[in-house]
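Colleague: Protein chains in written order, with the numbering used here: chain C, 6 to 213; chain D, 6 to 213; chain Y, 6 to 213; chain F, 6 to 213; chain R, 6 to 213; chain G, 6 to 213; chain E, 6 to 213; chain L, 6 to 213.
Number of protein chains: 8
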Amino acid sequence: LRKGFPEVIFGQGKTTAQIIAILEKLEQSENIVLVTRIDQEKANTVLSRFPNAQYFDDAHLLKIEKQPPAITGRGTILIVSAGTSDIPVAMEAYLTAKAMGNQVKTLFDVGVAGIHRLFAHQADLEKAAVIIVAAGMEGALPSVVGGLVKSPVIAVPTSVGYGTSFNGMTALLGMLNSCSSNIAVVNIDNGFGAGYMAATINHVGVEF
Amino acid sequence: LRKGFPEVIFGQGKTTAQIIAILEKLEQSENIVLVTRIDQEKANTVLSRFPNAQYFDDAHLLKIEKQPPAITGRGTILIVSAGTSDIPVAMEAYLTAKAMGNQVKTLFDVGVAGIHRLFAHQADLEKAAVIIVAAGMEGALPSVVGGLVKSPVIAVPTSVGYGTSFNGMTALLGMLNSCSSNIAVVNIDNGFGAGYMAATINHVGVEF
Amino acid sequence: LRKGFPEVIFGQGKTTAQIIAILEKLEQSENIVLVTRIDQEKANTVLSRFPNAQYFDDAHLLKIEKQPPAITGRGTILIVSAGTSDIPVAMEAYLTAKAMGNQVKTLFDVGVAGIHRLFAHQADLEKAAVIIVAAGMEGALPSVVGGLVKSPVIAVPTSVGYGTSFNGMTALLGMLNSCSSNIAVVNIDNGFGAGYMAATINHVGVEF
Amino acid sequence: LRKGFPEVIFGQGKTTAQIIAILEKLEQSENIVLVTRIDQEKANTVLSRFPNAQYFDDAHLLKIEKQPPAITGRGTILIVSAGTSDIPVAMEAYLTAKAMGNQVKTLFDVGVAGIHRLFAHQADLEKAAVIIVAAGMEGALPSVVGGLVKSPVIAVPTSVGYGTSFNGMTALLGMLNSCSSNIAVVNIDNGFGAGYMAATINHVGVEF
Amino acid sequence: LRKGFPEVIFGQGKTTAQIIAILEKLEQSENIVLVTRIDQEKANTVLSRFPNAQYFDDAHLLKIEKQPPAITGRGTILIVSAGTSDIPVAMEAYLTAKAMGNQVKTLFDVGVAGIHRLFAHQADLEKAAVIIVAAGMEGALPSVVGGLVKSPVIAVPTSVGYGTSFNGMTALLGMLNSCSSNIAVVNIDNGFGAGYMAATINHVGVEF
Amino acid sequence: LRKGFPEVIFGQGKTTAQIIAILEKLEQSENIVLVTRIDQEKANTVLSRFPNAQYFDDAHLLKIEKQPPAITGRGTILIVSAGTSDIPVAMEAYLTAKAMGNQVKTLFDVGVAGIHRLFAHQADLEKAAVIIVAAGMEGALPSVVGGLVKSPVIAVPTSVGYGTSFNGMTALLGMLNSCSSNIAVVNIDNGFGAGYMAATINHVGVEF
Amino acid sequence: LRKGFPEVIFGQGKTTAQIIAILEKLEQSENIVLVTRIDQEKANTVLSRFPNAQYFDDAHLLKIEKQPPAITGRGTILIVSAGTSDIPVAMEAYLTAKAMGNQVKTLFDVGVAGIHRLFAHQADLEKAAVIIVAAGMEGALPSVVGGLVKSPVIAVPTSVGYGTSFNGMTALLGMLNSCSSNIAVVNIDNGFGAGYMAATINHVGVEF
Amino acid sequence: LRKGFPEVIFGQGKTTAQIIAILEKLEQSENIVLVTRIDQEKANTVLSRFPNAQYFDDAHLLKIEKQPPAITGRGTILIVSAGTSDIPVAMEAYLTAKAMGNQVKTLFDVGVAGIHRLFAHQADLEKAAVIIVAAGMEGALPSVVGGLVKSPVIAVPTSVGYGTSFNGMTALLGMLNSCSSNIAVVNIDNGFGAGYMAATINHVGVEF
Ligand SMILES: Nc1ncnc2c1ncn2[C@@H]1O[C@H](COP(=O)(O)O)[C@@H](O)[C@H]1O
Ligand SMILES: Nc1ncnc2c1ncn2[C@@H]1O[C@H](COP(=O)(O)O)[C@@H](O)[C@H]1O
Ligand SMILES: Nc1ncnc2c1ncn2[C@@H]1O[C@H](COP(=O)(O)O)[C@@H](O)[C@H]1O
Ligand SMILES: Nc1ncnc2c1ncn2[C@@H]1O[C@H](COP(=O)(O)O)[C@@H](O)[C@H]1O
Ligand SMILES: [Mg+2]
Ligand SMILES: [Mg+2]
Ligand SMILES: [Mg+2]
Ligand SMILES: [Mg+2]
Ligand SMILES: [Mg+2]
Ligand SMILES: [Mg+2]
Ligand SMILES: [Mg+2]
Ligand SMILES: [Mg+2]
């Protein structure tokens, strides 16, 4: 088990045959294996070979899990997202953090244009140990969330938008220039990385 | 009087001699003339020639005003800004809108990292006919303001920030991709343009 | 009714099922609902579920309208466009402004290479309360129109062009740097935003 | 005390008078106040007004500290930097994290071109609760460090370099695309933000 | 005489000593030598060595001309510019074209925001054999001029503007995407190149 | 006849029906009509309606020509291209210049990596009145050609290349920064514009 | 034989017919001909015409080789790559260098996130005369390799990654800013160029 | 001696005190030490402490050399440059390669606009073991040189130019997209890196 965490295969650009071959090696020694960025069609072939696998189509993620992981993380990780189209990235973060032994909650569709929807959840925001915020377009949500809490916020820009959203670059730049200081950023659409980083933070000082 | 509005000289890149020459021509026929983007030193020379002129060092703007303009605009224009460093741009917008016959109010230092400061002014926001929002860094403030009101919002990105703020480009992109729909944008640091546009909006259907 | 205006669904990236589900919720309480950025195929499925809906293929927009909206806007909104390929964006603006209770007129195919075609319509330009100008390529038309009128101009860059048009970025930059001051800009291809902003401007000081 | 952490003034773009005025307000109620991005000259004036202040010229940071902060952070924060020119950013991170109640260690001049220097410190790397890595030029150091540890790594790109280093943009992009997953990134030269984020992480689940 | 045209020294980045040394070589064999991009101070030193030289401070250009060149160009070259700040670039083009044996006329300060000023000169525009148009900001003027004439237009973007004018990049992009087809473009602020190209065009088929 | 030149339809983004409709209007009054950027499939439909039309698949151009145009241009236009993949752009220039009443010659496949192939044609280069050079990748050919001749060179960058060729941007930038001065540039892949501009240049002072 | 090296056809953008035609000319006089960037389908047609040809699907390269080339290169060229997805580029380099008369070895899947895998091969790295390193994402591997050896390193960025990897631009920038000095860089995905350059280096001072 | 080559201090961003401190350590054990990117003023202070040092103002480089290095490199390294302003970068390469034990020759001022000047030196070009080419503006010279020789070419873009030369970015892009294959590229203005890489190449297979 690499670093005590589940093994993860980056599915994008791999053939189904390559993915199955890696899974065959890992399946014996690992309790949990994730395949990220795998589409429904490839997943179906993998599922027919590994009937114990599960496919999450909203997150484009496939999981083989022998036993649910022990909850070793310190507190709750909260996944916040701005709009409907940000949900796939948010779900990739959710499943990653979950597989890494954390309690994880979600709070979707609370974008800054209707900011009262966010404020209705102030208690959940304050209770979270770590918060992940996924947002596209102008990427303003992490700034607002960061201003409401003391905990660390992982901002993940999504490629949602058009024109000058430049496939997530505008959201990324906004997040890097946030006027809230408890924010760090991962690559565009990198839900996996956000989940992984949050899990790492939630395990600081934990032996596992 | 150009279009019923005051005459405006773009001071940047003009010599003091050129500015004085233009002022000498305009001063006779105009009630108000503005010189934008003029520094203290050049302004001093102009002031010694036109003792009736006034220099506003926060806005880098010089004004010759024979009589206060009649208030012809329909409602109040509200100028909102995020941080201390955005004030010069906000003040350029303020003086421009004022000189064009509008009632103008300001609401400074209400950036999104401490969003409660903004919400304390909800009533003023709702009463305004037109709102100008100046912000640098991630430029998120116009989105939040736009979501709280029905009136048109003119967003003006400022070059405040460092690193990936790219001298205002990040703020500009954020504003163009706002998830609030009652927003349109002007050039970086273009307080004059924001004030002019707001004044134009505030005079729709007004004969003047 | 959000803010007294019709409800709008951003169709891009939503499945037909998602769109129908939202429409089912909104249809009861709303007089008008728009779905923007929806293609013919998805629209057909929606139309078979909502036979009272209408699809506008030039604007890629679907509308459910129980009753024509009351005309509450102050004056006429004029939609100007440069070339044939800009018409879809212009039509999205047209239908949005119309659904928001405004008198709307169009003036298409008056690009700057043959500027006399524009000048033939000087009277219409001067009469308009608000003007929307859609243009791609070098995006010069808003500057010229802005120089001819006193009213506010909303410039909407389109992704029309090739090579260094950079999918509308060149037009956007041109509009942001216009030497006319009564101009503000929205995102590339954002006809909806232009129409919405113009409607908001045309309702300044109106109770509705 | 803002959020239980010291108060911090962003010195860049503020006059000495403005800085002193803010300090006068804060000094009474706060145990520690930091002023970041303040040069030697301005600092001298502040020091003559607040003789109890301290200026750190390598970090361009001024501190007023009545009592050393209680160490409330869970583990040690390790600050790693690649080259001599990255030290100012690293020191800003160091002083920020320190003022926020953390045990902080440094490991400077261990860039990837002579990677054995880094490996000599493997034990320190593994013991750290949170690691900050500052690097300019190609910004490769966080990837290498991230691959050696289980703890979270905050990567801070510096503007060190020339030509295509694009003032830190190349380092930033490298860090965002790291093949190590326990990495998140802050703005170019944002030592303060890195220190703040690391302190926040080191306080997850801590009441303070 | 290179190609029958005057010899030209690119002054930028050369020391006064280097410029004088080159001039000493060229002065004997050449009728006309130009030094472009030379400032007043360097020019003064050159003038004290070559009292027959002339310095044009608006164009930052120094000329040694033994005899006025014979007018060998076919028609008139017209230099059009948008604003006051574009004049230095326009004047560099003017002096270059003039030194290359052409009849040259100027038409300054006819930017697109007040397009009637341009139209007052329709006859001059139509009579010109070649037209150079210098413009900054949105760079729209060449499109409009190109639409009014049959002759070739050389567009030269200037670095005039601020914010998203990106030191002339916006004007350049606008000109490259012009909807008029009789336009080709030179580098930003390259008045020399525009004048040279126009002179070359005006000599097509001429033996000289 | 627009400006004495053939009428040209920009085919890209127009439906076959739209193209046919425009052709029906123009065909009666015009001797020559060109449709640029039209693919084989659309062309076939147009050909079945206009059997007198001709399709040039290398140039993606369709032509209706009642009578060959009179040769009114002053000299020969020479079209030079660097590699095989640049030929479509070069042929678009060729057919455009030809239709506008010019003698046109071609010289293909003479890229700078094997520069002797170019030098073998020095005589043709020197005889040409105007030269068009199409090149992709590093776009160096126009500089070399420009250095060998006195005539004006129209450089047209092509989108040929991969990686950092950025779809022609690298070639464009190279051409704008040419150290030869008798060069001006048109948009990426704009063979039509190059041909049009060259034809315009070749008609300077010609009544037609 | 061009320069003593095999003849190479750039397959991208050429039709199968064009490729076969060129091969027919070259096949007679050449011992080895390579076609790069040719897909399986086109390759099949070529193979049916040239049964002695070989297709390498991992490198998208087709080879006609009458006799294995004599090994004329001085030492061994080592091809190093970071991840599975970089292998196609690495293999293009491998086959190119091999066909040019060099001993070539490979060392794949030794990315910087697990740097011990690389260090296990220190001896091979030190023995190599020239090293090619292919890497995508943050492109850090060449810096690390360069720091371990005295020999020249050719770095080839690959388009592997997503979001801000910008199709290889991030890897390219990282390599250009390497803090190791024995590195030079070729275009993104240019395995051919890397192999060619390495072969050229390995033949310095060799008569062949 | 690091790797058998002289020790090099990157002077940029270091204080004179820092440079002297490092020199004091290195001077005892090293035969040659270079300090790159050091200006005249700093150099003077260093010279007064190390009277045996030498300053090269054209290269902004300081050298302490106890004994001329043994010539261990295999052949001659030829440094080619395009224009006068490229000489500083070329000289940095020259002095670096020289200090690393190579025979080095120079060929300056042979830019592509007057390509015959280059051809006059064909013999020198063909005899060189390795060639460095420094060029700014459009950066076309390496392509032309690469096409004339079989040896490896190291291309170094310089920041010479204005407007769209973008401080060397245009030259860099041109070089990366060269249609000659025996070319690899280093960072903008990186004469040191070019010299170092060339020296490394010239020592392939040499024990030293
Ligand atoms: N969606 C993802 N984005 C970025 N990195 C990932 C992703 N999924 C997996 N990874 C990383 O990729 C590694 C496996 O890569 P590979 O060896 O190419 O299968 C994992 O151990 C993770 O560190
Ligand atoms: N074409 C469009 N471009 C930009 N924003 C839009 C567009 N259409 C709708 N919207 C906005 O998106 C909101 C609805 O988003 P959603 O909840 O994702 O359907 C609407 O209230 C509008 O403010
Ligand atoms: N302002 C300018 N911009 C671009 N090129 C110029 C300029 N002035 C002169 N040149 C060119 O530079 C050449 C001389 O350059 P140099 O050898 O550096 O003196 C002249 O022959 C012109 O072709
Ligand atoms: N002009 C230069 N450009 C790039 N790298 C350089 C330069 N001069 C020296 N270096 C590199 O920088 C290292 C020394 O860096 P430093 O320790 O900061 O002095 C040397 O060993 C070289 O590898
Ligand atoms: Mg958002
Ligand atoms: Mg802000
Ligand atoms: Mg247009
Ligand atoms: Mg580094
Ligand atoms: Mg202009
Ligand atoms: Mg080329
Ligand atoms: Mg990599
Ligand atoms: Mg050059």
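We put the CB at the ideal spot given by N, CA and C, even for glycine.
Kindly indicate the opening and closing residues of the alpha helix (DSSP H) around G:PHE197.
Modeller: As a first step, residue 197 of chain G is located in the sixth sequence; it is residue number 192 there, counting from the start. Residues 196 to 207.
Colleague: Taking the beta strand (DSSP E) that G:PRO162 falls in, what are its first and last residues?
Modeller: Numbered from 1 along the sixth sequence, position 157 holds the residue referred to as residue 162 of chain G. Residues 158 to 162.
Colleague: Ends of the alpha helix (DSSP H) at R:VAL135?
Modeller: Residue numbering aside, residue 135 of chain R sits at position 130 when the fifth sequence is read from its first letter. First-last for R:VAL135: 135 to 140, but that is the beta strand (DSSP E), not the alpha helix (DSSP H).
Colleague: Would you identify the three-state DSSP class for Y:THR175, choosing helix, strand or coil?
Modeller: Against the third sequence, residue 175 of chain Y aligns to sequence position 170. Correct three-state label for Y:THR175: helix.
Colleague: Any heavy atom of ligand 2 closer than 7 Å to the CB of Y:ASN239?
Modeller: Lying outside 6 to 213, the shown extent of chain Y, residue 239 of chain Y is not represented and no answer is given.
Colleague: Got a sec? Which residues, its chain only, sit under 8 Å from E:VAL115 by beta carbon, not counting five neighbours each side?
Modeller: Here residue 115 of chain E is taken as the residue at index 110 of the seventh sequence, counted from 1. Contacts found: VAL85, SER86, ALA87, ARG122, LEU123, HIS126, LEU146.
Colleague: Using a threshold of 8 Å, state whether the C-beta atoms of E:VAL190 and L:ALA118 are closer than that.
Modeller: On the seventh sequence, residue 190 of chain E is found 185 positions in, with the first residue counted as 1. On the eighth sequence, residue 118 of chain L is found 113 positions in, with the first residue counted as 1. No.
Colleague: Taking 8 Å as the CB-CB cut-off, is G:GLY168 touching chain E?
Modeller: Locating residue 168 of chain G in the sixth sequence gives position 163, where the first residue counts as 1. At least one chain E Cβ lies under 8 Å of G:GLY168.
Colleague: Taking a contact to mean a Cβ-Cβ separation below 8 Å, would you say R:ALA199 touches R:ALA64 in this structure?
Modeller: Within the fifth sequence, residue 199 of chain R is the residue found at index 194, counting from 1. Within the fifth sequence, residue 64 of chain R is the residue found at index 59, counting from 1. Taking 8 Å as the Cβ cut-off, R:ALA199 and R:ALA64 do not qualify as a contacting pair.
Colleague: Throw me the rounded Cβ distance for the L:SER183 and L:ASN172 pair, which I believe falls under 8 Å.
Modeller: Position 178 of the eighth sequence, counted from the start, is the residue given in the question as residue 183 of chain L. Position 167 of the eighth sequence, counted from the start, is the residue given in the question as residue 172 of chain L. Actually they are not in contact, since the Cβ atoms of L:SER183 and L:ASN172 sit about 20 Å apart, beyond 8 Å.
Colleague: Would you identify the three-state DSSP class for F:TYR60, choosing helix, strand or coil?
Modeller: Here residue 60 of chain F refers to the residue found at position 55 of the fourth sequence. It is a strand residue.
Colleague: Give me, in chain order, the residues of the same chain whose beta-carbon lies closer than 7 Å to that of C:ASN192; leave out the 5 immediate sequence neighbours on both sides.
Modeller: Numbered from 1 along the first sequence, position 187 holds the residue referred to as residue 192 of chain C. If we look at C:ASN192 and ignore the five residues flanking it on each side, its Cβ neighbours are GLY198.
Colleague: Looking at the unbroken beta strand (DSSP E) that takes in L:THR81, where does it start and where does it end?
Modeller: As a working note, residue 81 of chain L is residue 76 in the eighth sequence. Start and end: 81 to 86.
Colleague: Closer than 6 Å from C-beta to any heavy atom of ligand 2: which residues, in chain order?
Modeller: After applying the 6 Å Cβ criterion, the set is C:GLY88, C:THR89, D:SER186, Y:VAL13, Y:ILE14, Y:PHE15, Y:THR41, Y:ARG42, Y:ASN195, Y:PHE197, Y:GLY198.
Colleague: Using the Cα positions of C:THR21 and E:VAL154, report the straight-line distance between them to the nearest angstrom.
Modeller: Along the first sequence, read from residue 1 onward, the residue named residue 21 of chain C stands at position 16. Along the seventh sequence, read from residue 1 onward, the residue named residue 154 of chain E stands at position 149. When rounded, the distance between both Cα atoms is 38 Å.
Colleague: Helix or strand or just coil, what does DSSP make of R:VAL190?
Modeller: Sequence index remark: in the fifth sequence, residue 190 of chain R carries index 185 (1-based). Here R:VAL190 sits in strand by DSSP.
Colleague: Residues of the stretch 168 to 196 of chain D in Cβ contact with chain C at a cutoff of 9 Å, in chain order, please.
Modeller: Listed by position along the chain: GLY168, THR169, SER170, PHE171, MET174, THR175, ALA176, LEU177, LEU178, GLY179, MET180, LEU181, ASN182, SER183, CYS184, SER185, SER186.
Colleague: Less than 8 Å between CB atoms is the rule here; does Y:THR89 satisfy it with respect to chain G?
Modeller: For this step, residue 89 of chain Y is matched to residue 84 along the third sequence. Answer yes: the Cβ-Cβ gap between Y:THR89 and chain G drops below 8 Å somewhere.
Colleague: According to DSSP, what are the bridge partners of G:GLN108?
Modeller: Along the sixth sequence, one-based indexing puts residue 108 of chain G at 103. DSSP lists G:THR81 as partners of G:GLN108.
Colleague: Around the Cβ of E:ARG7, are there at least 16 other Cβ atoms within 10 angstroms (buried) or fewer (exposed)?
Modeller: Counted from its first residue, the seventh sequence places residue 7 of chain E at position 2. Summary for E:ARG7: the model assigns pLDDT 41, below 50, so the residue's position carries little reliability, and this model does not support an answer.
Colleague: Give every residue of the same chain whose Cβ lies closer than 7 Å to the Cβ of D:ASN57, excluding the five residues on either side of it in the sequence, and list them in chain order.
Modeller: The residue you call residue 57 of chain D lines up with position 52 of the second sequence. Here the set comprises ILE69.
Colleague: When you compare only the Cα positions, how much space is there between Y:PRO11 and Y:PHE113?
Modeller: Counting from one through the third sequence, the residue named residue 11 of chain Y turns up at place 6. Counting from one through the third sequence, the residue named residue 113 of chain Y turns up at place 108. Approximately 26 Å between the Cα atoms of the pair.
Colleague: List the endpoints of the continuous alpha helix (DSSP H) containing R:THR20.
Modeller: The residue you call residue 20 of chain R lines up with position 15 of the fifth sequence. R:THR20 -> no alpha helix (DSSP H), and no H or E assigned at all.
Colleague: Which value, in whole angstroms, describes the spacing of the CA atoms of G:MET202 and R:MET180?
Modeller: Position 197 of the sixth sequence, counted from the start, is the residue given in the question as residue 202 of chain G. Position 175 of the fifth sequence, counted from the start, is the residue given in the question as residue 180 of chain R. If you take the alpha carbons of G:MET202 and R:MET180, they lie about 14 Å apart.
Colleague: What does G:VAL40 pair with, by DSSP beta-bridge criteria?
Modeller: Looking up residue 40 of chain G in the sixth sequence gives position 35. BP columns for G:VAL40 point to G:ILE14, G:LEU67.
Colleague: Please list the residues of the stretch 16 to 44 of chain C that have a C-beta atom closer than 9 Å to any C-beta atom in chain E, keeping them in chain order.
Modeller: Those residues of the stretch 16 to 44 of chain C that come within reach of chain E (Cβ to Cβ, closer than 9 Å) are GLN17, GLY18, LYS19, GLN23, ARG42.
Colleague: Beta-carbon within less than 6 Å of R:LYS47's beta-carbon, same chain only, minus the 5 sequence neighbours each way: which residues are those?
Modeller: Counting from one through the fifth sequence, the residue named residue 47 of chain R turns up at place 42. Result list for R:LYS47: THR21, in chain order.
Colleague: Measuring only the C-alpha atoms, how far is C:ILE92 from C:ALA133?
Modeller: Here residue 92 of chain C is taken as the residue at index 87 of the first sequence, counted from 1. Here residue 133 of chain C is taken as the residue at index 128 of the first sequence, counted from 1. One C-alpha to the other measures close to 19 Å.
Colleague: If we cut at 8 Å on Cβ distances, does R:GLY80 have a partner in chain G?
Modeller: Within the fifth sequence, the letter at position 75 stands for residue 80 of chain R. At least one chain G Cβ lies under 8 Å of R:GLY80.
Colleague: Suppose you measure from the CA of G:VAL209 to the CA of G:PHE55; what does that come to, to the nearest Å?
Modeller: If you number the sixth sequence from 1, residue 209 of chain G lands on position 204. If you number the sixth sequence from 1, residue 55 of chain G lands on position 50. Rounded to whole angstroms, G:VAL209 to G:PHE55 spans 34 Å at the Cα level.
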